[in-house]
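S.K.: Take this structure first; my questions come after.
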Amino acid sequence: MTNQPRPDELHKVAWETLSRTDVLDASPWLHVYREHVRMPNGVEIPDFYHVHMDDYTMTFALTDDEYVAMVEMYKQGTRQVMLELPAGVIEHDEITNVLEAAKRELLEETGMVARHWQPLGKFSMDSNHGCGWMHAFLATGAVRQQGQTLDETELLAAHLIPLEEVRQMWMSGKINGVSSAALIGLALAHLEK
């Protein structure tokens, strides 16, 4: 007797990767693979594309007087200026301590630190193709400690925006980056508990 899953449970079974070919290695930013995969129902997909991108942190940082730390910058991918929450790639030596990565990114991008940190979860950015995971944090008691310390590839302005204004921008779709929009909604729900 084999250990085959029941037909009504096939949707929970991992696909088998039969082969994997590098298509593009643009490290450290992006790595694209073409995989030949077999689904649990026996169907094969010879050209399934998997996109590897590093995990990153994003933080909803709130001051005691209810201002939210946000960053504004031109984003080449969307070809527009966007207002987002502070975020950044988790360095390889931080992979076991994503909270430290979040604290570092908040400090670098905004010059701020926070008294209280709460992890809100780990979220897939594209469950079909990969694209990394966002580690979301709520930081309260945020205060400015220093100026920004940006990398040469970071051209951004840090802003403190009233919480109610952020809520209105979020509800009206003016925060149009999916990571920031998702985390703002999650943080607002936690703050209203």
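Under the working numbering, the first residue of the sequence shown carries the number 3, and numbering increases by one thereafter. Cβ coordinates follow ideal geometry from the N, Cα and C atoms, glycine included.
1. Assess contact between the stretch 153 to 171 and the stretch 59 to 73, defined as three or more Cβ pairs (one per stretch) separated by less than 8 Å. Is contact present?
2. For the 8 Å Cβ check, are there 3 or more pairs between the stretch 79 to 87 and the stretch 140 to 157?
3. Checking 8 Å against the spacing of the C-beta atoms, do Gln120 and Leu140 come in under that value?
4. Who are Pro9's beta bridge partners in DSSP?
5. Report all residues from its chain with a CB closer than 6 Å to the CB of Ser182; omit the five preceding and five following residues, and keep chain order.
6. Can you name, in chain order, every residue of its own chain whose Cβ lies under 6 Å from the Cβ of Ala151, other than the five neighbours on each side?
7. Residues bridged to Ser21 by DSSP?
8. Using the Cα positions of Ile177 and Thr80, report the straight-line distance between them to the nearest angstrom.
9. Measure the alpha-carbon distance for His52 versus Gly132 and round it to whole angstroms.
10. Should Leu64 be labelled buried (16 or more other beta-carbon atoms within 10 Å of its own) or exposed?
11. Under 8 Å, with one C-beta from each stretch per pair, do the stretch 4 to 12 and the stretch 23 to 35 reach the 3-pair mark?
12. Please tell me whether Ala160 and Val73 are closer than 8 Å, where the distance is taken between their beta carbons.
13. Note down the Cα distance separating Gly179 from Phe50, rounded to an integer number of angstroms.
14. Between Ala144 and Leu185, is the Cβ-Cβ spacing less than 8 Å?
15. Any idea which residues DSSP pairs Gly132 with across the strands?
16. Do you know how far the Cα of Tyr76 is from the Cα of Lys105?
17. Which residue or residues does DSSP assign as beta-bridge partners of Ala191?
18. Taking DSSP as the reference, what is the three-state secondary structure of Trp172?
M.R.: The relevant details are as follows:
1. yes
2. Counting C-beta pairs closer than 8 Å gives fewer than three between the stretch 79 to 87 and the stretch 140 to 157, which falls short of the contact rule.
3. In the sequence shown, residue 120 corresponds to position 118, counting from 1. In the sequence shown, residue 140 corresponds to position 138, counting from 1. In contact: Gln120 and Leu140 (Cβ atoms closer than 8 Å).
4. Mapped onto the sequence shown, residue 9 falls at position 7. Beta-bridge pairing links Pro9 to no other residue.
5. Along the sequence shown, one-based indexing puts residue 182 at 180. Apart from sequence neighbours up to five positions away, the residues of its chain that approach Ser182 with a beta-carbon distance below 6 Å are Glu86, Leu87, ordered along the chain.
6. For this step, residue 151 is matched to residue 149 along the sequence shown. This sequence places Thr at residue 151; Ala is not what is there. Result list for Thr151: Glu110, in chain order.
7. Taking the sequence shown and counting its residues from 1, one reaches residue 21 at position 19. Bridge partners of Ser21: His38.
8. Taking the sequence shown and counting its residues from 1, one reaches residue 177 at position 175. Taking the sequence shown and counting its residues from 1, one reaches residue 80 at position 78. Straight-line Cα distance between these residues: approximately 13 Å.
9. Position 50 of the sequence shown, counted from the first residue, corresponds to residue 52. Position 130 of the sequence shown, counted from the first residue, corresponds to residue 132. Whole-angstrom Cα-Cα distance: 6 Å.
10. Within the sequence shown, residue 64 is the residue found at index 62, counting from 1. Result: buried.
11. no
12. Locating residue 160 in the sequence shown gives position 158, counting from the first residue. Locating residue 73 in the sequence shown gives position 71, counting from the first residue. Closer than 8 Å, so yes.
13. Looking up residue 179 in the sequence shown gives position 177. Looking up residue 50 in the sequence shown gives position 48. Gly179 and Phe50: Cα-Cα distance of roughly 26 Å.
14. Locating residue 144 in the sequence shown gives position 142, counting from the first residue. Locating residue 185 in the sequence shown gives position 183, counting from the first residue. Not closer than 8 Å, so no.
15. The residue you call residue 132 lines up with position 130 of the sequence shown. Gly132 is bridged by DSSP to Val53, Asp128.
16. Residue numbering aside, residue 105 sits at position 103 when the sequence shown is read from its first letter. Residue numbering aside, residue 76 sits at position 74 when the sequence shown is read from its first letter. Straight-line Cα distance between these residues: approximately 23 Å.
17. In the sequence shown, residue 191 corresponds to position 189, counting from 1. Ala191 has no beta-bridge partner at all, per DSSP.
18. Along the sequence shown, read from residue 1 onward, the residue named residue 172 stands at position 170. Three-state DSSP puts Trp172 in a helix.
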